[in-house]
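Residue numbers (this note's numbering): 248 to 1181.
The C-beta atom is built at its ideal place from N, Cα and C for all residues, glycine as well.
Keep in mind the model is a prediction, meaning the values are calculated, not measured.
Okay, so here's the structure we're looking at.
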C-alpha cells in the first residue's frame, strides 16, 4: 500500500502498434498510500481515420479527436505520472506495448519500470469467478461501469478493482503469500517483486492463524465448519401437508410473493404417493410448474417421517448447484424440521491435497500450470468442498488437474491427509444426509458397482429424466479418441521427457531390490513402440472411414459404422493393430506395476514425496488398464454394442474417435435400477409424445412394470403468449440442395429480423447448415446493424454466447445441438424462435440405424416407434426455449413444411401446448408478426 501505482487504460485504432495502430484516448488514475490521488485523461489525435467498428465500440469519432492533442503533446505528462510507480492495467501487454511505441516515437525513451496486470491478479485472487473481463469483474464487485470501452471509465473501474485486489492479497495468510511469491516469477507481470515488498512490510505474526484458517502440512486451508449431522429420529411423525392451503402456507415461507400453482401441489402429491406406495412414477411437469420444490418438499417429509435417505439425480451440474444453493435454502425456510442435503460428485471432481502439495516443489512449470497452482492456493483458503467445478481453470489448468485430482488411496499417506481428504469428507457427509444430490453418471456408476459408491438408498428422484436413457447408453458403452489416448501416454512419457517414467526411475534408483524387471532402456523402447502403434491405429481408423465414404468435405463430423462382418482388408488391419496395441499396453502395465510394487514395499510410511508420486502413478496405471480393456471390448471380444468411428474432416488425425454403445439399455436399467429400488420418480418437461409416455417407458425399461404416469400442464397461457408461423413459400427441405435451402431461409430470416428487431434465436440440426446460413447472413449486408452470434463460430461457451446475446438490443443467436435445451432467456431478450428443420436423427446415424433395425427385426415400425417420438421430444425441448415466465410473449417459426404437409407433422403440433398457428407467405406473416409483437 506504500507504493505508488498508476492505473492506465487506452483506446486505440486497432491491436497492432508496430503496424501503425495509434492511441485515440489515454486515461490514468494515480493511487498513493491506498487512495486515489489524481486522475488524468485526454483524447488523442491519431492522425489517421478511426475504423468504423472502433467508433461503434468506443463511441469516439473522427470529429471528436480532430482538435485533440497528438500523443507527443501529452507524453511528458505521462512520463511524469509513471515516474517511480507501478504501471497497472487490465491486460498489461496490450496497454504497455502501445504506450512503449508512442513514448519512444515521442522521444521519451519508453517505460521500463515495474508492471502489474489486474487480469492475472484477478485470475489468482478470484479463482472461482465466471469470467475475467473488466465488465464481469465490475459487475461481481458492484462497481459502476458507466461507459465500457472508454479509457477514463475503464481506468477508473480498473483502479477501484485494483484496490479491492490489494485488500484481498493483504488478507491472505502469510503461508499462502510466501507460496504465491515463490511461484510468481513465471508470470507476465512483476507480482513477485510486489509480494516480496508486501511480506517485508507485514508483521511476522500477522494473519498466520485465524478463526477461519488452519495450517496443515504447509498448506493454509479454510477450517471446516461444524457439521450439522441431524440424526434421524425414529418414531417421529412429520405429517405431510395434505390440503392445498397447508401446502400454500409452507411454500409462501420460501416464496413470499408466491401465487398458487395447483400443478405444483399435484406434483407434490404424486411424488409423496410414489414413495408411500412404493410405485415408480413418471411426471411430465410443464415449464413454470416449479418442479424442484414440487419434488423436494414431499421428499423431505418422507425422508424425515420414514427415516429413509433419498437420492436426487440430475443431468447437469448447473441444476445440481441450483438445487443445493437456491432451492434447498428456500426449502429449509418452509420446513418445521431441519433437513440435511449434500451434493456428491465423482472422485475426479475433488482435489487430492497431498498430491497438490507435492507439485509445489516441481520445477520448470509452464505458465498455465503456475497460474493454476496460484489459483488453487488462494482457493484453499475459501473452499469447503475441494470441488473442481468451483474453479475457473484454463485448458492448461484442466490438464494440471489430472495430476492433483483425487485418485486411488495410497497406504503411504499420513493420517493427517486422510483426515483432510475432500472426497472422504464428501462421502462422510453423504452418509449422514437426508437428501443426496448427484448426477446421472455417478448414479449409473453406483448401479454398475452394485451400490458401492453411494450410501445405500431405496428412493430416487431422476430430474432431467429425458436425458437418462442417452446418459445410460453412453455410460454402458466405450469411447476413446486420439488426443486423449496420446495424452494418457504423454503423462508417462519417454525417459528423456522427464514425466512419470523419469520420476519412477528416480524413485526406483534408491531402492535396494531391483526385482525381476525390464531395464529402463527396454521400457523406453516399449513406450516408443506404443506411441508408434497408437499413430498407426488411428491412421487405420481414418483410412477405414475413407473406404466407406470417400474423401468428404464439410463441417459436420463423419460417422462410419464398424461391424465385425464384412470389414474388408482395412478393417482386418485395424483389428490386428488393436491386438498389437492391447499386448503392448499389457506389457507396459506389468513393467510399471512391478516397479511400483518394489518402491512401495521399501518406502517408509512417512515419506509423503514417495506417497504422492506413487498415487499419481497408480492413477496412470488404472487409466492405462481401462484403455486396454476398452480396446479389447471394442475390437477383440465379441459384443453386441453398436460400433462406429467419428472423424472431423477438418482435422482427421487429431479428432478421430471410436465409440461402442448398446443399442438398448432398457434391460439393464430394468434389472439394475427399477427392480432393485422401491420407488423411482422420473420427471422432466418433455416425457410424452402426443400425450403418451409409451416411448419413454419403452426406452428405459419401465413398460412392463406398470408405473404411475402423471402429466402436469404448464401454468402459462400459451394461447395468448405464443403464435406459431409456418411460411408456405419455402421449398420442401428434402427436395432441394443444401445451398438452395440456405438461400431461401436466409431471405426469410432477414424479413423476420426486420419485423422482430432481432431478439431472435435460430435452431439448426446440423453445423453445416448453420455455418452456411451465418456466412450468407453476413454477406448479404442487410443485417449489418445486428449482432450475429453463432455457436462454433463466435468464440465462447454456450453460457457466454447466451449472455452476450442478452447484452445487445439487436441480436441474433444461431445454435445447434445443446442449444435446443438448457438455454433460459426470459423476458424481451428473446421474442422470436426459429426452428429450421424438424429434428430427426439421420437414418444412417449408427445408433439410430441399430435401434431401428432392432425394432424392424421384431416386427415393429421403426419410424413410428423410435425416429418420430425422438424427434418430437427434441422439438418440444426447442419449443420450450421461448416462454420462460408468465409475462413472456413471442413467436415461433418452423421452416420445415413437413410439419403441415405430412401425416406425422400433426403429431408434432399435438405434442405442444394449444397455440394459434398461422400459415402463409412470408410477406403476410411478417405483417402478422409485427402486429403480434407490437
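Per DSSP, residue 669 is not a residue of any beta strand (DSSP E); the alpha helix (DSSP H) it occupies stretches across 669–678. The DSSP assignment places 926–931, 955–959 and 969–974 as complete runs of the beta strand (DSSP E) inside the region 922–978, in order along the chain (cut-off: 3 residues). Excluding residues up to 5 positions away in sequence, 1114 and 1118 lie with their Cβ nearer than 7 angstroms to the Cβ of residue 1087 in the same chain. Separation of the CB atoms of residue 970 and residue 1138 is rounded to 5 angstroms, and the pair is thereby assigned contact status at 8 angstroms. In the DSSP assignment, the residues bridged to residue 686 are 561.
Residue environment: residue 472 is assigned as exposed (fewer than 16 neighbouring CB atoms within 10 Å of its CB, all protein chains considered).
Here the alpha carbon of residue 1003 sits roughly 14 angstroms from the alpha carbon of residue 1170. Fewer than three pairs of CB atoms, one per stretch, sit closer than 8 angstroms, so the region 909–921 makes no contact with the region 1128–1147. The alpha helix (DSSP H) runs of length 4 or more contained entirely in the region 725–808 are, from start to end of the chain, 729–739, 747–756 and 767–796. Membership of residue 290 in the beta strand (DSSP E) is indicated by the continuous run 282–290. With the rule of 3 Cβ pairs closer than 8 angstroms, the region 676–688 counts as touching the region 696–710. When DSSP reads this structure, residue 597 sits in a beta bridge with 634. Annotation: residue 748 to residue 764 spans about 14 angstroms, alpha carbon to alpha carbon. For residue 905, the pairing in a beta bridge is given by DSSP as 727 and 892. When the Cα atoms are used, residue 266 and residue 344 turn out to be separated by approximately 12 angstroms. With contacts defined as CB atoms closer than 8 angstroms, residue 369 and residue 376 qualify as a contacting pair. Ranked by how close their Cα comes to the Cα of residue 600, the residues 466, 326, 884 and 685 have 466 in first place. If you check the CB distance, residue 285 and residue 251 do not come in under 8 angstroms.
For residue 448, the uninterrupted alpha helix (DSSP H) segment begins and ends at 438–448. With respect to the C-alpha of residue 1158, the residue from 958, 1107, 1055 and 1177 having the closest C-alpha is 958. Remark: fewer than three beta-carbon pairs, one from each stretch, lie closer than 8 angstroms, so the region 982–998 and the region 1145–1158 are not flagged as touching.
Taken through DSSP and simplified to helix, strand or coil, residue 1166 comes out as strand. Counting the other CB atoms within 10 Å of its CB gives residue 946 a total of 16 or more, which places it among the buried residues. A residue is called buried once 16 or more other Cβ atoms fall within 10 Å of its Cβ, and residue 418, having fewer, is exposed.
Scanning its chain for C-beta atoms nearer than 6 angstroms, with the 5 sequence neighbours on each side dropped, one finds around residue 594 the residues 653 and 670, in chain order.
With a cutoff of 8 angstroms on beta-carbon distance, residue 329 and residue 441 are scored as not near each other. When secondary structure is reduced to three states using DSSP, residue 1119 falls in the helix class. Per the coordinates, the alpha-carbon of residue 563 lies some 20 angstroms from the alpha-carbon of residue 724.
For residue 364, there is no enclosing alpha helix (DSSP H); the enclosing beta strand (DSSP E) has its first and last residue at 362–364. By the C-beta density criterion, residue 772 is exposed, having fewer than 16 other C-beta atoms within 10 angstroms. Exclusion of the five residues before and after residue 1053 leaves 1072 and 1076 as the residues of its chain whose Cβ lies within less than 7 angstroms of its Cβ.
Proximity of the region 885–895 to the region 805–812 meets the contact definition, three or more beta-carbon pairs being nearer than 8 angstroms.
Residue 388 carries a coil assignment under DSSP once its states are collapsed to helix, strand and coil. Out of 715, 577, 985 and 769, the CA that lies nearest to the CA of residue 838 is found in 769. In this structure, DSSP gives residue 461 an extended state, which the three-state scheme calls strand. For residue 1146, the enclosing alpha helix (DSSP H) has its first and last residue at 1145–1148.
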